[in-house]
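Q: Have a look at the structure that comes next, please.
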Amino acid sequence: MQQVRNSVELQHPFTVTVHGDVPKQTLKLPNTGDMFPGIYLDPNSQWLCYNVYYRGELIGPWYQLGPEVWLRASYDSLD
Numbered sequence: 009m010q011q012v013r014n015s016v017e018l019q020h021p022f023t024v025t026v027h028g029d030v031p032k033q034t035l036k037l038p039n040t041g042d043m044f045p046g047i048y049l050d051p052n053s054q055w056l057c058y059n060v061y062y063r064g065e066l067i068g069p070w071y072q073l074g075p076e077v078w079l080r081a082s083y084d085s086l087d
């Protein structure tokens with residue numbers, strides 16, 4: 009059985025303002041096969057931003073919303 013290597017690297021704290029009226033698709037790490045259904049975000053929430061590596065490859069910056077819940081860090085993910 010091959011072990012999948014995932015890692016995260018802290019970028020910076022980031023404060024965002026969201027409308028909270030549209031559910032957002034999130035990713036579950038380290039178990040990337042599981043996707044959470046759309047969730048509603050609280051306006052003016054503050055999350056840490058990380059570079060996330062999956063199998064050694066950078067898959068981009070993500071906000072950590074909870075212990076295993078991640079939201080892709082992009083402008084359209086927050087509208």
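According to this note's numbering, the sequence shown is numbered sequentially starting from 9. The beta carbon of each residue, even a glycine, is placed where N, CA and C say it ideally should be.
When you compare only the Cα positions, how much space is there between Asn-52 and Gly-64?
A: Straight-line Cα distance between these residues: approximately 32 Å.
Q: Taking the CB atoms as reference points, tell me whether Pro-69 and Tyr-58 lie closer together than 8 Å.
A: Against a cut-off of 8 Å, the Cβ pair of Tyr-58 and Pro-69 comes out as a contact.
Q: Could you tell me the boundaries of the beta strand (DSSP E) in which Leu-37 lies?
A: That residue, Leu-37, is in no beta strand (DSSP E); it is neither H nor E in DSSP.
Q: Is it buried or exposed, Leu-49, if we count other Cβ atoms within 10 angstroms and call 16 or more buried?
A: When all chains shown are included, Leu-49 counts as buried.
Q: Using the C-alpha atoms, what's the distance from Val-16 back to Ile-67?
A: About 10 Å.
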